[in-house]
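Visitor: Mind having a look at this structure? Questions to follow.
In the working numbering, the protein residues as written are 12 to 580.
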């Protein structure tokens, strides 16, 4: 199978045609050989049938004589004798063939026209050229009925050459006779070889005709195919001007040539379209370059502006973050100092509150003393009437008490103003701590003055009490004057009460100032913490601004490279 596949894989059509011719010749030879072999078999069969027919004729002759014997027309010996005499006269095939008779019981030759010397002899020991006991075998076949046997034997008694022959034998049981006739195969072989020579000549002529036809067909196919192959190669090389040969033929070669011509026309059209496409593409490329250049300029302009804005914004952001960081540091420092000052102010406010409470206590004590003086003045009305001088001194002392009260009122007013200033300073926070120290100092001074005034009032009250004791009698005499003094004392008492209320208000304001100072201190701590966080955030913003500036520079370089690539495309 692989060998057959290799044969069919031959590329040359001439080789394939030659192979087809050889295969055809081989097939014709095989067919002729088969026909000759069948014909030889038929010749052999015809020869055997001829011998069979002759033997049947002789057998019928023997049967006729036997029936005559049975009918009493003659004796058995006479019947046998006449039968043998009649057989000796039977020749056929131009007196070249005959029928021989053996007695298969005794083996004796009864009749043999071709070899008369065999008559009366025992034929059983005879063998052919190959040593086959043909006579004994023929006798055995005759005993059983009839049949054929192939063996070798000489043609005549004068010719020692042995030839193949086929004998047909038939037994005639009534007389134990074997009736046989043989056909020499050399005649069949001669006929066979004659037929073989004739067939060989015919096959040779047919092979020559086939070769001539194959050569002519190959010539008419291979040469045009080679031309078409060369034309296809020239077409593939771009030679489209020359026409295609064999296009006028009406066979398959013509169809192939016309197909190649279609390819040629298609390639010409393709080249034309390719040139037009190249021109169109060149125009598109040029237009695309113009568009790309325009888009690149527009993109570079717009993106460049954006990148520049981003760079400027990044620089401004970095500068702002630096300023913010410095401001946060400054705020942190100022907050620290404000926290310290706020602590000091808080301590001073607490001191002022304590002094205000002491002042309120002193004023309360003054109020009680004034009430006591009024009561004593009432009791000393009768004595006041007795001494005018003492009452005058008492009046002077009362006048000085009024001055002291005025002084106390003045101090109270200033303290009230200072308390208001302290409240304002507490609301401001920050640098207001310095004002707390000044206010605290002024409040302290006023507190000292208030204490002195209180001592002087106490001294004056003592003088009044002494003068009152000395002039009880005189006061009775000047009841009206004492009454006025009593009224004055009541007024003093009311003023002292008002001063006490004012002092308590100062104390409450100072306490609120202390509370506000604490809140300011807390707020300053929050401000300090916020300043620290703002410093950290500004550092992060500064780092982000630097990164943004770097990325903006990289983007600017990337856009420049991209624009160069776009313009170069």
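Idealized CB from N, CA, C, for every residue including glycine. On a predicted model such as this, the values are computed, not experimentally measured, just so you know.
1. Leaving aside the five residues before and after residue 220 along the sequence, list all residues of the same chain whose C-beta is less than 7 angstroms from its C-beta, in chain order.
2. Which first and last residues belong to the alpha helix (DSSP H) in which residue 150 is found?
3. Along the alpha helix (DSSP H) that carries residue 256, what are the first and last residues, could you check?
4. Looking at residue 111: is its Cβ nearer than 8 angstroms to the Cβ of residue 191?
5. So does the stretch 81-93 actually touch the stretch 208-218, counting three or more Cβ pairs closer than 8 angstroms?
6. Do you know offhand how far residue 125's Cα is from residue 214's?
7. What does the alpha-carbon distance come out to for the pair residue 244 and residue 254?
8. Per DSSP, which residues does residue 158 bridge with? Please list them.
9. My guess is that residue 115 and residue 154 are in contact by the Cβ rule of under 8 angstroms, so how many angstroms apart are they, rounded?
10. Less than 8 angstroms between the beta carbons of residue 69 and residue 103, yes or no?
11. Give me the Cβ distance between residue 257 and residue 238, rounded to the nearest whole Å; I'm assuming they're in contact under 8 angstroms.
12. Can you tell me which of 453, 390, 577, 158 puts its alpha carbon nearest to the alpha carbon of residue 60?
13. Could you say which of 348, 145, 477, 323 lies nearest to residue 442 if we only look at CA atoms?
14. Tell me which residue opens and which closes the beta strand (DSSP E) that residue 114 is part of.
15. Classify residue 175 as helix, strand or coil using the three-state DSSP reduction.
16. Using the beta-carbon count (16 or more within 10 Å), is residue 279 buried or exposed?
17. From 32, 463, 37, 429, pick the residue whose C-alpha is nearest to that of residue 453; which is it?
18. Is it right to say residue 188 is buried, meaning 16 or more other beta carbons lie within 10 angstroms of its own, or is it exposed?
19. In the DSSP assignment, what are the bridge partners of residue 188?
20. Answer yes or no: do residue 197 and residue 174 have a C-beta to C-beta separation smaller than 8 angstroms?
21. Rounding to the nearest angstrom, what Cα-Cα distance links residue 269 and residue 42 in this structure?
22. Helix, strand or coil: how does DSSP classify residue 262 here?
23. How far does the alpha helix (DSSP H) with residue 126 in it extend, from its first residue to its last?
24. When DSSP labels each residue in this structure, what does residue 141 get in the three-state scheme?
25. DSSP puts residue 108 in a beta bridge; with which residues?
26. Is residue 179 closer than 8 angstroms to residue 63 when the C-beta atoms are compared?
27. Around the C-beta of residue 298, are 16 or more other C-beta atoms found within 10 angstroms, so that it is buried, or is it exposed?
Guide: Taking the geometry as given:
1. Position 209 of the chain shown, counted from the first residue, corresponds to residue 220. Same-chain partners within the cutoff: there are none.
2. Along the chain shown, one-based indexing puts residue 150 at 139. 145-155 is the extent of the alpha helix (DSSP H) around residue 150.
3. Here residue 256 refers to the residue found at position 245 of the chain shown. Judged by DSSP secondary structure, residue 256 falls outside any alpha helix (DSSP H); it is assigned neither H nor E.
4. Here residue 111 refers to the residue found at position 100 of the chain shown. Here residue 191 refers to the residue found at position 180 of the chain shown. Yes, the pair counts as a contact, with Cβ atoms nearer than the cut-off.
5. By the Cβ rule, the stretch 81-93 does not count as touching the stretch 208-218, because fewer than three pairs are nearer than 8 angstroms.
6. Position 114 of the chain shown, counted from the first residue, corresponds to residue 125. Position 203 of the chain shown, counted from the first residue, corresponds to residue 214. Roughly 41 angstroms between the two C-alpha positions.
7. Within the chain shown, residue 244 is the residue found at index 233, counting from 1. Within the chain shown, residue 254 is the residue found at index 243, counting from 1. Taking the CA atoms as reference points, residue 244 sits about 14 angstroms from residue 254.
8. One-based indexing of the chain shown puts residue 158 at position 147. Answer is 180, bridged to residue 158.
9. Numbered from 1 along the chain shown, position 104 holds the residue referred to as residue 115. Numbered from 1 along the chain shown, position 143 holds the residue referred to as residue 154. In this structure residue 115 is in contact with residue 154, their Cβ atoms being roughly 6 angstroms apart against a cut-off of 8 angstroms.
10. By one-based count along the chain shown, residue 69 stands at place 58. By one-based count along the chain shown, residue 103 stands at place 92. Not a contact, by the Cβ cut-off of 8 angstroms.
11. In the chain shown, counting from the first residue as 1, residue 257 sits at position 246. In the chain shown, counting from the first residue as 1, residue 238 sits at position 227. That belief holds up - the Cβ atoms of residue 257 and residue 238 are roughly 7 angstroms apart, short of 8 angstroms.
12. Walking along the chain shown from the start, residue 60 turns up at place 49. Nearest option by C-alpha distance: 158.
13. Translated into positions along the chain shown, residue 442 becomes position 431. Of the candidates 348, 145, 477, 323, the one whose C-alpha sits nearest the C-alpha of residue 442 is 348.
14. Here residue 114 refers to the residue found at position 103 of the chain shown. Segment 111-114, the beta strand (DSSP E) holding residue 114.
15. For the purposes of this step, residue 175 is taken as residue 164 along the chain shown, with counting starting at 1. The answer is strand: DSSP assigns residue 175 an E or B state.
16. Walking along the chain shown from the start, residue 279 turns up at place 268. The residue is exposed, with fewer than 16 neighbouring Cβ atoms inside 10 Å.
17. To locate residue 453, count along the chain shown from 1; it is residue 442. For the options 32, 463, 37, 429, the alpha carbon positioned closest to that of residue 453 is the one of 429.
18. The residue given as residue 188 occupies position 177 in the chain shown. With 16 or more other Cβ atoms within 10 Å, it is buried.
19. Within the chain shown, numbered from 1, the residue matching residue 188 stands at position 177. Residue 188 is bridged by DSSP to 114, 183.
20. As a working mapping, residue 197 is identified with position 186 in the chain shown. As a working mapping, residue 174 is identified with position 163 in the chain shown. In this structure, residue 197 sits near residue 174, with a CB-CB distance shorter than 8 angstroms.
21. What you label residue 269 is simply residue 258 of the chain shown in a count that begins at 1. What you label residue 42 is simply residue 31 of the chain shown in a count that begins at 1. C-alpha separation (whole angstroms): 42 angstroms.
22. Within the chain shown, the letter at position 251 stands for residue 262. Collapsing the DSSP output to three states places residue 262 in coil.
23. Working through the chain shown from its first residue, we reach residue 126 at position 115. First-last for residue 126: undefined, no H or E at that position.
24. For the purposes of this step, residue 141 is taken as residue 130 along the chain shown, with counting starting at 1. Three-state DSSP puts residue 141 in coil, outside helix and strand.
25. To locate residue 108, count along the chain shown from 1; it is residue 97. Per DSSP, 103.
26. Position 52 of the chain shown holds residue 63. Position 168 of the chain shown holds residue 179. The criterion of a C-beta distance shorter than 8 angstroms is satisfied by residue 63 and residue 179.
27. For the purposes of this step, residue 298 is taken as residue 287 along the chain shown, with counting starting at 1. By the Cβ neighbour-count rule, residue 298 is exposed, with fewer than 16 other Cβ atoms within 10 Å of its own.
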